[in-house]
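Start counting the sequence shown at 4; every next residue gets the next number (the working numbering). Everything below concerns the one structure shown next.
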Amino acid sequence: MNKKTIVEGGKRAEILSAALTLFLENGYEKTSVRMISKEVGCEVGLVYYYFKTKEEVFEQALSSYFSETEEEIESLSKKIEFSMEKNLEKFMNYIEAKADVYRKAFSESVHLSVRTMIREKIAVLSEKYFICILENDGKKDVETLALFLSRSICGAALCDDTEYYQANKDSILRTAKKMLEIETKEIVSKKKEMPSFLL
């Protein structure tokens with residue numbers, strides 16, 4: 004069995020798994036390739052056999068971590084409803100549930116710089132969903148709208164202040180509806196006026 008066959012037997016996945024754990028705990032700057040190789044129990048050269056740079060290891064580790072989220076968002080994109088309002092609410096329900104999952108996984112052990120990158124990655128993935136629903140609805144400025152919606156909704160739902168999203172959820176939804184030009188049907192009680200001909 005040659006070296007390449009042995010290496011491809013799972014060491015690459017081991018390297019990514021160890022790297023992810025270290026990046027989450029220490030952040031990007033404080034994690035070295037040497038630390039990753041030590042965690043895996045291999046030589047530094049083996050890490051560089053698979054990855055050109057530490058940045059590539061980081062990107063691949065995060066990418067593998069987010070593969071499930073990416074699949075879920077793609078699945079949502081394939082189930083677009085006729086109503087823009089329903090699509091928006093469906094996404095907000097999804098991202099709210101996902102935020103709870105990530106918070107439990109991250110807790111306070113994840114480095115701040117990595118938490119920021121995670122929020123950005125989820126927003127980038129979510130942008131694709133918004134592009135789908137906006138194109139389907141024939142909106143103008145699709146990319147700009149998708150950028151604003153994904154960053155604002157994901158940023159709020161995934162912020163470190165867990166109470167912020169819950170306290171402001173209705174306001175965020177109203178703002179998103181205005182951006183999407185969705186008419187909100189607020190029930191306003193109007194006093195019936197007596198027709199003039201009866202006066």
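Don't be surprised by glycine CBs; every beta carbon is placed ideally from N, CA and C.
{"Asked": "Since A160 and E99 are thought to touch, with beta carbons under 8 Å apart, how far apart are those beta carbons, to the nearest angstrom?", "Found": "6 Å"}
{"Asked": "Using the beta-carbon count (16 or more within 10 Å), is K89 buried or exposed?", "Found": "exposed"}
{"Asked": "Output the boundary residues of the alpha helix (DSSP H) element that contains Y31.", "Found": "From DSSP, Y31 is part of no alpha helix (DSSP H); its letter is neither H nor E."}
{"Asked": "How close, in whole Å, do the beta carbons of I76 and S129 come, if the pair is a contact with beta carbons under 8 Å?", "Found": "6 Å"}
{"Asked": "According to DSSP, simplified to helix, strand and coil, what is L19?", "Found": "helix"}
{"Asked": "When you compare only the Cα positions, how much space is there between A22 and A108?", "Found": "16 Å"}
{"Asked": "Where does I185 fall in DSSP's three states?", "Found": "coil"}
{"Asked": "Determine the burial state of L25: buried for a count of at least 16 other Cβ atoms within 10 Å of its Cβ, exposed for fewer.", "Found": "buried"}
{"Asked": "From this set, T72, R37, S80, K81, which residue's C-alpha is nearest V104's C-alpha?", "Found": "T72"}
{"Asked": "Going by alpha carbons, who is nearest to S112 out of E92, Y52, D163, D173?", "Found": "D163"}
{"Asked": "Provide the residue span of the alpha helix (DSSP H) that contains L115, from first to last.", "Found": "115-139"}
{"Asked": "Quick check on F69: does DSSP put it in helix, strand or coil?", "Found": "coil"}
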